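Undergrad: Just so you know, we're using this note's numbering here: the sequence shown kicks off at 475 and counts up by one.
Questions regarding the structure given below will be posed in turn.
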Amino acid sequence: MSATNDELFDRARAAIPGGVNSPVRAYGSVGGTPRFLVSARGPYVTDVEGREYVDLVASWGPAILGHAHPEVVEAVQDAASRGLSFGATTPAETELAELIEERIAPVERLRLVSTGTEATMTAIRLARGFTGRDVIVKFAGHYHGHSDGLLAEAGSGLATFALPGSAGVPADIAALTLVLPYNDLDAVRTAFAEHGERIAAVIVEAAAANMGVVAPLPRFNASLVEIAHAHGALVISDEVLTGFRAGPRGWWGVEAEFPGAYTPDLLTFGKVIGGGLPVAAVGGRRDIMERLAPLGPVYQAGTLSGNPLAVAAGLATLRAADDAVYAALDRNAEIVSNAVSDALSAEGVAHAVQYAGTLFSFVFAEQPVFDYAQAKAQDVWRYAPFFHSMLEQGVSLPPSVFEAWFVTAAHDEAALGRIVDAAPAAAKAAAAA
Ligand code: PMP
475 MSATNDELFD
485 RARAAIPGGV
495 NSPVRAYGSV
505 GGTPRFLVSA
515 RGPYVTDVEG
525 REYVDLVASW
535 GPAILGHAHP
545 EVVEAVQDAA
555 SRGLSFGATT
565 PAETELAELI
575 EERIAPVERL
585 RLVSTGTEAT
595 MTAIRLARGF
605 TGRDVIVKFA
615 GHYHGHSDGL
625 LAEAGSGLAT
635 FALPGSAGVP
645 ADIAALTLVL
655 PYNDLDAVRT
665 AFAEHGERIA
675 AVIVEAAAAN
685 MGVVAPLPRF
695 NASLVEIAHA
705 HGALVISDEV
715 LTGFRAGPRG
725 WWGVEAEFPG
735 AYTPDLLTFG
745 KVIGGGLPVA
755 AVGGRRDIME
765 RLAPLGPVYQ
775 AGTLSGNPLA
785 VAAGLATLRA
795 ADDAVYAALD
805 RNAEIVSNAV
815 SDALSAEGVA
825 HAVQYAGTLF
835 SFVFAEQPVF
845 DYAQAKAQDV
855 WRYAPFFHSM
865 LEQGVSLPPS
875 VFEAWFVTAA
885 HDEAALGRIV
895 DAAPAAAKAA
905 AAA
């Protein structure tokens, strides 16, 4: 018999720190052995022991069409047959940039990179290069990748400079980041009143989805832009997770439909624009973007940037993601969230569904939450038994309560039915915790 999950995890831990190549995969907050996956198709993933799960991770966002969508796989195979990487310009890179610029009006120029971390890192360097200032404002509970200045934790009190959020981040670098409570415009005004002349940019998740889903309050993003601009600072809207997932034009498009439309100076993308392969991007105002090398003095580069396979996957994904796909994401999010919410209610488990477009997550609290302090104060211990009950019943959820749930357009009646059927027992397990 081939190796079990447990055996593979032991072997992995002897070769790879913690056995994983990205920490949350280690099941640290829910306990147990991570499943080693060997294949994925449509709404399902299959582990090495041959168990199939309905997947609500979707590779942490990219797989809006479902796994191994035939058009995406064919595009990648076709690209592969013509060469894996050239380290030179390709026509498809321009097509991807044009497609994103057509859909998202504030994006006048776009540069492709390989990861969301690179995209936000480049956006920050650009903002600093453009404004000649050093300080960055970010919000507690927002994740923008693992670059030094963005792994910063709030000191006590409002508008204080941050401490390193990870060993290995120099205090001097963390001290250039101001960490504020999310959805708190007074904190933003105070920070700008005290430090406005030093602030290069505010970086914000377009809708927060890395502390669970926490949507911005109405006009929060628009007000951020007004306040920052009044002080000569830029706004970087991080759409790595929300872009082309929260809606067809990302979270920017969701708000563009309502009063409160906002125009960030720079935006970052990732996940869906690579369709499951490594593509991310930074885009925005032409005058800022054209400060990038080779036109300007802000340096950025990448051997595999705009990789032909990755760009083919991204283009095929975005082209296939028509209105019907977004309608399916919406509908599937509603079916799953309603079923789980009903099951939790039936067991008397205090919870709220947190929505941002087609994104959602659950918080184990009496009321919806609006910032990180509230999100952290929920009954976090209820999630591990809930997660494991779902997993045992063949439903794969994100292994942390502080993550969004990701449906795909491929979740059909059979897949949704399995989630709906699994919810009551998982709710019982959460209630008993
Ligand atoms: N920004 C946001 C909003 C993200 O959710 C993530 C990843 N989850 C990143 C940036 C970093 O992207 P990557 O993991 O590709 O470096």
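Where is the CB? At the ideal position from N, CA and C, for every residue including glycine.
Every value quoted in this text rests on a predicted model; they were computed, and no experiment measured them.
(1) Would you kindly check if the distance between the Cβ of Val546 and the Cβ of Ala889 is under 8 Å?
(2) What does the Cβ neighbour count give for Glu729, buried or exposed, with the cut at 16 atoms within 10 Å?
(3) Between the Cα of Leu650 and the Cα atoms of Leu637, Asn657, Val854, which residue gives the shortest distance?
(4) How would the residue list near the ligand PMP read, in chain order, if you kept each one whose beta-carbon is closer than 6 Å to any heavy atom?
(5) Could you check if Val512 is buried or exposed, using at least 16 other CB atoms within 10 Å of its CB as the buried criterion?
(6) From the DSSP output, read off the bridge partner residues of Leu511.
(7) Once the 5 residues before and after Thr478 are set aside, which same chain residues still bring their CB inside 8 Å of it?
(8) For Val709 versus Ala720, is the C-beta distance shorter than 8 Å?
(9) Cβ of Val611 within 8 Å of Cβ of Ile673?
(10) Between the beta-carbon of Leu654 and the beta-carbon of Ala626, is there less than 8 Å?
(11) Could you tell me the boundaries of the beta strand (DSSP E) in which Ala775 lies?
(12) Going by DSSP in three states, Ser815 sits in which element: helix, strand or coil?
(13) Classify Pro558 as buried or exposed, calling it buried when 16 or more other Cβ atoms lie within 10 Å of its own Cβ.
(14) Given a cut-off of 8 Å, decide if Gly780 and Glu572 are closer than it, judged by their beta-carbon atoms.
(15) Buried or exposed: which applies to Asp845, given that a residue is buried once 16 or more other Cβ atoms fall within 10 Å of its Cβ?
(16) To the nearest angstrom, how far is it from the Cα of Tyr800 to the Cα of Glu569?
(17) Short check: CB of Leu600 to CB of Leu783, under 8 Å?
(18) Does the region 817-826 come within contact of the region 861-879, defined as at least 3 CB pairs closer than 8 Å?
(19) Kindly list the residues whose CB is nearer than 6 Å to the CB of Gly492, restricted to its own chain and excluding five residues on each side of it in sequence; keep chain order.
(20) Starting from Thr737 and walking both ways along the alpha helix (DSSP H), at which residues does that stretch end?
(21) With a threshold of 16 other CB atoms inside 10 Å of the CB of Gly502, please say whether the residue is buried or exposed.
(22) Quick check on Asp529: does DSSP put it in helix, strand or coil?
(23) Do Ala901 and Glu821 have their C-beta atoms closer together than 8 Å?
(24) What does the alpha-carbon distance come out to for the pair Ala905 and Ala593?
(25) Helix or strand or just coil, what does DSSP make of Ala849?
(26) Taking only the alpha-carbon atoms, compute the straight-line gap between Asn695 and Thr520 and give it to the nearest angstrom.
(27) Look up Gln841 in the DSSP assignment and say whether it is helix, strand or coil.
(28) Taking DSSP as the reference, what is the three-state secondary structure of Gly749?
(29) If Gly717 and Val746 are in contact, beta carbons under 8 Å, what's the gap, nearest whole angstrom?
(30) Could you pull the start and end residues of the alpha helix (DSSP H) that Phe861 belongs to?
(31) Measure the C-alpha to C-alpha separation of Gln551 and Leu698 and round it to an integer number of angstroms.
(32) If Leu539 and Ala883 are in contact, beta carbons under 8 Å, what's the gap, nearest whole angstrom?
(33) Quick one, are the C-beta atoms of Ala907 and Ala813 less than 8 Å apart?
(34) From the DSSP secondary-structure annotation, give me the bridge partner or partners of Tyr829.
(35) Excluding sequence positions up to five away, which residues of its chain have a Cβ less than 8 Å from the Cβ of Pro752?
TA: Put simply:
(1) No; because the gap between Cβ atoms is not below 8 Å, this pair is not in contact.
(2) Glu729 sits buried, since 16 or more C-beta atoms from the chains shown fall within 10 Å of its C-beta.
(3) Measuring from the Cα of Leu650, the nearest candidate turns out to be Leu637.
(4) Per the Cβ criterion, the list is Trp534, Thr589, Gly590, Thr591, Thr594, Tyr617, His618, Gly619, Glu679, Asn684, Asp712, Val714, Leu715, Gly744, Ala754.
(5) That one is exposed.
(6) Paired residues: Asp521.
(7) Val522, Glu523, listed in sequence order.
(8) For Val709 and Ala720, no; Cβs fall outside 8 Å.
(9) Against a cut-off of 8 Å, the Cβ pair of Ile673 and Val611 comes out as a contact.
(10) Result no, Cβ atoms of Leu654 and Ala626 do not sit closer than 8 Å.
(11) Counted as a single uninterrupted DSSP element, the stretch harbouring Ala775 is not any beta strand (DSSP E), since DSSP gives it neither H nor E.
(12) Note: Ser815 maps to helix in three-state DSSP.
(13) Checking the displayed sequence, the identity of residue 558 turns out to be Leu instead of Pro. Under this definition Leu558 is an exposed residue.
(14) Contact flag unset, no.
(15) With 16 or more neighbouring CB atoms inside 10 Å of its own CB, Asp845 falls in the buried class.
(16) Rounded to whole angstroms, Tyr800 to Glu569 spans 22 Å at the Cα level.
(17) Cβ atoms of Leu600 and Leu783: not closer than 8 Å.
(18) Because the criterion of three Cβ pairs below 8 Å is not met, the region 817-826 and the region 861-879 do not touch.
(19) Excluding five sequence positions before and after Gly492, the CB atoms of its chain that fall closer than 6 Å to its own CB belong to Ala500, given in chain order.
(20) Where Thr737 is concerned, there is no enclosing alpha helix (DSSP H), given that its DSSP letter is neither H nor E.
(21) With fewer than 16 other Cβ atoms within 10 Å, it is exposed.
(22) Of the three classes helix, strand and coil, the one that applies to Asp529 here is strand, per DSSP.
(23) It is a contact, given that the beta carbons lie within the stated cut-off.
(24) Between Ala905 and Ala593, the C-alpha separation is close to 41 Å.
(25) When secondary structure is reduced to three states using DSSP, Ala849 falls in the helix class.
(26) In this structure, the CA atom of Asn695 is about 40 Å from the CA atom of Thr520.
(27) Correct three-state label for Gln841: coil.
(28) In the structure shown, Gly749 falls within a strand segment according to DSSP collapsed to helix, strand and coil.
(29) Confirmed, Cβ separation roughly 6 Å.
(30) First-last of the alpha helix (DSSP H) with Phe861: 857-866.
(31) Within the model, the alpha-carbon separation for Gln551 versus Leu698 is close to 43 Å.
(32) Contact check for Leu539 and Ala883: beta-carbon distance about 6 Å, within the 8 Å limit, so the pair qualifies.
(33) Note that the C-beta distance between Ala907 and Ala813 is not below 8 Å.
(34) In the DSSP output, where bridge partners are listed per residue, Tyr829 has Phe834.
(35) So the list reads Ser588, Thr589, Leu778, Asn781, Ala784, once near-sequence residues are dropped.
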